[in-house]
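Numbered per the UniProt record's numbering, the sequence shown finishes at 336, counting up by one with no gaps.
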Amino acid sequence: MSEEIGQALKWSPGHASHQMVMAEALVTRLPQTLAALARGEIDWAKARAMYEVTRPLSDEHAARVEAAVLADPPDYYTPFQRKVRYWVNKVDPDGAEQRRLVRRKDRCVTFKQDEDGEAFLGIRGPVEQLYPAYVRIDQHARRLKQQGDTRSLDNLRFDVAVEHFCGENPSHIKTIVWVTVPHTTLMGVDDKPGELFGVDTLPAQVVRELAADQKSTWRRILYDPPSGMITDVGRKRYPPAAMAENVRLRFRRCTHPGCDRPATRCHIDHTLRHADHGRTCLCNLNPRCERHNLCKEQPGWQVEQPEPDVVITRSPLGHKTTVRAQPIADPDPPPY
């Protein structure tokens, strides 16, 4: 159902699923919050805070928190959230350990592209694990600062953390990161940006620094100048593997409507199932994440691939979305 709603409203599947779960909770577990929202006494952000903070509680305890907070709700978000937390601990002081175990299931690592070649890497989890990790990073950074390092403490913490995760000389773990770059950028002729596969564009200077890194591995990618579309991935390797890389590079992400999962973390799926005599070729392959690979097999879903670079998905309610492969580079004007 979340895939249906997401496709109809042009939401990502994850956002659609979250909105559905929250909407159900407002109707069934938090009716006072829903009523306050409808009356305009609280906004959507405060309703979401009530839902998130009371999620581990029983329905009975959640209702008591609602009544206490909404009797006199604070005007601003942070005091509102703080009041909800206060009442959660007050009405269910013995449930702290159970809530901690519920929250533990939310531990995760997230990555988000930022502006100007920057990014954000977030780690969420139990405080008893993350705080010692932060202290260790902080102590190392301060030790370097005391030894005369001119970098700021924030910069040192970042550099220490990245070196800890990646290492100066990674051992048995080999990571492949695809970066598409115009040859004119490498030669310094112009400053056309490159692309970090599955993420976003990179400034020209960042691309040149990556290319100069001794740990970089170069792979040849051929594309058609008029269209910018990939024609070949140059690797002397068992053909199906090279073909899979070709498919991932063409589409970049899961081809289900709204899904943002990078193709590197997707299955290479037969549009027409192999069991139904579907061919293993570029004309019948596209990347789909595990969730949407299973979704495709549910009754009512239809997926077509009329061209190698075009995937059409129809939902059980008839919503149609077309996903097209992305050019590896901007098309060149004639003559090519």
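Cβ coordinates follow ideal geometry from the N, Cα and C atoms, glycine included.
Sequence-distant residues of the same chain with beta carbon closer than 7 Å to Arg248, five excluded per side = Ala263, Thr264, Pro287
Please state whether DSSP places Cys283 in a helix, a strand or coil.
-> helix
Just how far apart, CA to CA, sit Gly117 and Gln205?
-> 10 Å
Is DSSP giving Glu3 helix, strand or coil here?
-> helix
Terminal residues of the alpha helix (DSSP H) in which Ala67 lies | 59-70
Distance, Cα to Cα, Gln113 vs Asn246?
-> 24 Å
His274 (DSSP reduced to helix, strand or coil) | helix
Which residue from Gly278, Met22, Arg100, Ala119 puts its Cα closest to that of Val127?
-> Arg100
Return the chain-ordered list of same chain residues with a C-beta closer than 6 Å to the C-beta of Lys236, the five sequence neighbours on each side being excluded.
-> The pLDDT assigned to Lys236 is 36, lower than 50, so where the model puts this residue is not dependable, and the model offers no usable value.
Are Ala23 and Ser2 closer than 8 Å when you measure CB to CB?
-> no
Asp106 and Arg85 closer than 8 Å at C-beta | no
Is Ala241 helix, strand or coil by DSSP?
-> helix
Per DSSP, what kind of secondary structure is Pro73 in: helix, strand or coil?
-> coil
On the three-state DSSP scale, how would you describe Ile268?
-> strand
Measure the alpha-carbon distance for Glu290 versus Arg261 and round it to whole angstroms.
-> 10 Å
List the residues that DSSP assigns as beta-bridge partners of Phe111.
-> Leu121
Measure from the alpha carbon of residue 389 to the alpha carbon of each residue in Asp43, Asp92, Arg151, Asn89, then state which is nearest.
-> Residue numbering for the chain in the displayed model covers 1 to 336; residue 389 lies beyond these limits and cannot be assessed.
Best match in Glu163, Gln147, Arg253, Ala25 for proximity to Asp309 [C-alpha to C-alpha] | Arg253
By Cβ distance, which residues of its chain are closer than 6 Å to Phe165, with the 5 residues on each side in sequence left out?
-> none
Report the rounded CA-to-CA distance for Glu115 versus Glu52, giving the unit in angstroms.
-> 29 Å
Compare the Cα-Cα distances from Gly6 to each of Ala49, Lys296, His319 and report the closest residue.
-> His319
Please go through the same chain and pick out, in chain order, the residues whose beta-carbon is closer than 6 Å to the beta-carbon of Leu34, but skip the five residues on each side of it.
-> Leu26
Are the beta-carbon atoms belonging to Gly278 and His270 less than 8 Å from one another?
-> yes
Beta-carbon separation of Pro73 and Arg103 under 8 Å?
-> no
Quick one: what does DSSP say Gln305 is sitting in, helix, strand or coil?
-> strand
Compare the Cα-Cα distances from Asn284 to each of Leu317, His292, Thr321, Arg273 and report the closest residue.
-> Arg273
Distance, Cα to Cα, Cys295 vs Trp301?
-> 8 Å
Under three-state DSSP, which class holds Pro262?
-> strand
Cβ distance (whole Å) where Glu66 is taken to contact Gln32 below 8 Å | 4 Å
Which first and last residues belong to the alpha helix (DSSP H) in which Arg291 is found?
-> 290-296
Which value, in whole angstroms, describes the spacing of the CA atoms of His292 and Leu153?
-> 43 Å
Could you check what DSSP says for Lys320 in three-state terms: helix, strand or coil?
-> strand
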